[in-house]
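In the UniProt record's numbering, the protein residues as written are 1 to 156.
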């Protein structure tokens, strides 16, 4: 049975859905990295479903080594090109993006660097994951054709 997602999340609900602490959500909000979609008359921040995607993006980007400023630019870019529900705007223009060209170019360089590194390491990461799964959980994972021996860890 699928549980329907709420129309709006409180700070605590958003944190729970993203598997982070409430303080993390509040910290990102204080830094302007995450903005509520609504604020109640009593001042309670409410976040729409797309905020969960943005929060997960922030968490992932930080885990990948992006600075807070780079993560802010990535989220700002996503917000400028998508509506509040996460639907891509096909008619956005450069004027919709409040980031200067130098920062956008720096963000693109960082994204390509991380993407290229992931592509170079994807097979090794998958192989090492299978090896760890087998060793620590006893799981028997299928080995795709062409892979090296899954009993050996991936070379560094």
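Heads up, the beta-carbon is just placed ideally off N, CA and C, and yes, glycines get one too.
Own chain, CB closer than 8 Å to residue i, minus 5 neighbours either side, in chain order
i: residue 98; result: 76, 80
i: residue 32; result: 72
i: residue 39; result: 45, 46
i: residue 54; result: 34, 75, 78, 79
i: residue 64; result: 114
i: residue 9; result: 17, 46, 47, 48, 49, 51, 52
Cβ separation of residue i and residue j, assumed to be a contact under 8 Å, to the nearest whole Å
i: residue 107; j: residue 70; result: 6 Å
i: residue 28; j: residue 61; result: At roughly 11 Å, the Cβ-Cβ gap does not stay under 8 Å, so residue 28 and residue 61 are not in contact.
i: residue 66; j: residue 110; result: 7 Å
Burial state of residue i, where buried means 16 or more other Cβ atoms lie within 10 Å
i: residue 14; result: buried
i: residue 24; result: buried
i: residue 137; result: exposed
i: residue 132; result: exposed
i: residue 43; result: exposed
i: residue 12; result: exposed
i: residue 18; result: buried
i: residue 51; result: buried
i: residue 48; result: buried
i: residue 94; result: exposed
i: residue 112; result: exposed
i: residue 127; result: buried
Proximal residues to residue i (C-beta, below 7 Å), its chain only, five neighbours per side dropped
i: residue 56; result: 18
Neighbourhood of residue i by C-beta, 6 Å cutoff - its chain only, sequence neighbours within 5 removed
i: residue 103; result: 73
Meets three-Cβ-pair contact criterion under 8 Å: the region 118-129 and the region 83-103: By the Cβ criterion, the region 118-129 is not in contact with the region 83-103, since fewer than three pairs of Cβ atoms, one from each stretch, lie closer than 8 Å.
Secondary structure, alpha helix (DSSP H): runs of 4+ residues fully inside the region 93-141: Here the runs fully enclosed are 101-137.
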